[in-house]
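Have a look at the structure below before the remarks.
2 protein chains.
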Amino acid sequence: MLDTTAELVAEVGVERTTIDEIASRSGVAKTTIYRHFPSKQVLVVEAVHACTHIPAVTDTGSLRDDLISCFSGMTKASYEGRLGDMMLSLMDAAQRDPELGRLVRAQAEQRRRFATTVIERSVERGELPDDVDVDLLVTMLSGPLVYTKLVRRQRVTEELVAAVVDSVLACYRAPVAPESAANA
Amino acid sequence: MLDTTAELVAEVGVERTTIDEIASRSGVAKTTIYRHFPSKQVLVVEAVHACTHIPAVTDTGSLRDDLISCFSGMTKASYEGRLGDMMLSLMDAAQRDPELGRLVRAQAEQRRRFATTVIERSVERGELPDDVDVDLLVTMLSGPLVYTKLVRRQRVTEELVAAVVDSVLACYRAPVAPESAANA
DNA sequence: GTGAATCGCTACTATGCCGTAGCGTTCTTG
DNA sequence: CAAGAACGCTACGGCATAGTAGCGATTCAC
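Read top to bottom, the protein sequences are chains A and F. Sequential numbering from 1 applies to the first sequence in our numbering. Sequential numbering from 185 applies to the second sequence in our numbering.
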């Protein structure tokens, strides 16, 4: 039932998803749906919740490996499969529906926190300078992946994740500080 | 009339935009709207077209300046104002509506081509190595901006554009090649 | 001025969807 | 096996919306 809802949202979006269609597809009577969920809004929120699972955070001691593992996990969990197909419509609906808004924002926050944790751990190890802009770094890492998924509508491959991580990390490993290089 | 349509799409999204509401807001009778546009779909496409304007490409001779100018222009043209507010809903609707799909894809392509041009010009000048992955570079630049706009729902400031450009360019100016640094 | 095109207004059809009522059936539980 | 809970089905009421018809008023061009 929640599964069918998610399937429909992925196919036609939140707005075009109707209770009647959920009922006929899942082989459940419409009245039964209303016996469990007071409204379509709640049903959608529950359906999203149901297909959300949080990837584990690894700690290999290497920033590069941790980041790749972290973003690969996120990709599998959020950008692939049903949740990936629902994403755009969910984000759009979240602009108007406060409940969905909270849900989507919470998920984005959580994904950000994972990456932030990995980076801060690396700073403590001395792998990155103390004054590194963690917020910018997370944006530089997440951005290209989201962009590839939502705007280019291409699969986020392991190779892309590695390329993005390496590209972002490259300047922090070089002897020249980014600030001075930027003004060259 | 097209203006009111764009305004409504920005406010409530493509799906929730109704002809009646457009009529009453623009002070135009519904019948008059149908005398100009055969359907809501066409009206929305025209409205999007109407508020799309292409920023000029600069050629200062400096990759950094050109990129900042390029992405600042794109930001103003696409991420701010009405088009920025319409973006998510348009992208979602574009998944199902072939006409909108073409439109959105064309705009994304065009934005990409701007950046690609700037970068290729820089490669010809010898500022960047010949074997640079232009495609990845454009993704690394566009991604964080789109991510900031769509996912974080924050304004894309001039400072952010500069920070992203500098961050991406940093590794290409450093003496150590990114590949060897990544494996360090 | 006069004819033609355009516009505004009200009303209308048709459709789709939300959410509910009522009733008979099935399944569970003790 | 018996009682109660859960389910399926059909049929609603109510609302919103896409598009259309018809007619009178307005504007515009010549």
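Beta carbons are placed, not taken as given, at the ideal position from N, Cα and C, and that holds for glycine.
In this structure, DSSP gives F/E199 a helical state, which the three-state scheme calls helix.
Residue burial annotation: A/A106 is exposed, with fewer than 16 other C-beta atoms found within 10 angstroms of its C-beta.
Bounds of the alpha helix (DSSP H) holding A/L100 are P98 to E124. Rounded to whole angstroms, the Cβ separation of A/L83 and A/C51 is 6 angstroms, and the two are in contact under 8 angstroms. For the segment 110 to 139 of chain A, the beta-carbon criterion of a distance under 7 angstroms to any beta-carbon of chain F is satisfied by L136 and T139. With respect to A/Y79, F/V330 sits apart: the two C-beta atoms are not nearer than 9 angstroms. The C-beta of A/C70 comes no closer than 9 angstroms to any C-beta of chain F. The Cβ of A/P55 sits no closer than 9 angstroms to any Cβ of chain F. Counting along the chain, the unbroken alpha helix (DSSP H) around F/T323 starts and ends at V318 to L334. Comparing alpha-carbon positions, the option among A/V138, A/L136, A/T139 and A/E120 lying closest to A/D130 turns out to be A/E120. Look at A/M1: its C-beta is not under 9 angstroms from any C-beta on chain F.
In summary, the residues of the segment 8 to 24 of chain A whose CB is separated from some CB of chain F by less than 8 angstroms are V12, G13, E15 and R16, in the order they occur in the chain. F/L329 belongs to the set of residues whose beta carbon lies under 9 angstroms from a beta carbon in chain A. Counting of Cβ neighbours within 10 angstroms places F/P328 among the buried residues, the total reaching 16 or more.
F/T341 carries a coil assignment under DSSP once its states are collapsed to helix, strand and coil. The beta carbon of F/T189 does not come within 9 angstroms of any beta carbon belonging to chain A, so the residue lies off that interface.
Y331, T332, L334, V335 and R336: these are the residues of the segment 331 to 343 of chain F whose beta carbon lies less than 8 angstroms from some beta carbon of chain A, given in chain order. Cβ contact annotation for F/E311 (same chain, cutoff 6 angstroms, sequence separation greater than five): L247, in chain order. For the 9 angstroms CB-CB criterion, F/M258 and F/I217 do not form a contact. CA-CA distance, A/D65 to F/T244, rounds to 39 angstroms. With a beta-carbon spacing of about 6 angstroms, F/M275 and F/V288 fall inside the 8 angstroms limit used to define contacts. Judged by beta-carbon spacing, F/V226 lies within the 9 angstroms limit of F/E283, meaning their Cβ atoms are closer than that value. For A/S72, the uninterrupted alpha helix (DSSP H) run begins and ends at L63 to M74, by DSSP. When rounded, the separation of the alpha-carbon atoms in F/T341 and A/H36 is 46 angstroms. Under the Cβ criterion of 9 angstroms, A/A77 is not counted among the residues facing chain F.
For A/T32, the uninterrupted alpha helix (DSSP H) segment begins and ends at K30 to H36.
A/E46 has its alpha-carbon roughly 14 angstroms from the corresponding atom of A/I19. F/V348 and A/V151 have their C-alpha atoms roughly 18 angstroms apart.
Closest by C-alpha distance to A/H53, out of A/E11, A/T5 and A/G81, is A/G81. Rounded to whole angstroms, the Cβ separation of F/S210 and F/T188 is 4 angstroms, and the two are in contact under 8 angstroms.
For F/Q225, the enclosing alpha helix (DSSP H) stretches over residues K224 to A234. For a Cβ distance threshold of 8 angstroms, residue set V196, G197 and R200 of chain F lies close to A/R96, ordered along the chain. The alpha-carbon of A/R113 is positioned some 22 angstroms away from that of F/S326. Judged by their CB atoms, A/V134 and A/V123 are nearer to each other than the 9 angstroms cut-off. Annotated as distal: A/A108 and A/F71, with beta-carbon spacing of 9 angstroms or more. Per DSSP, A/D131 lies in no alpha helix (DSSP H) and is assigned neither H nor E.
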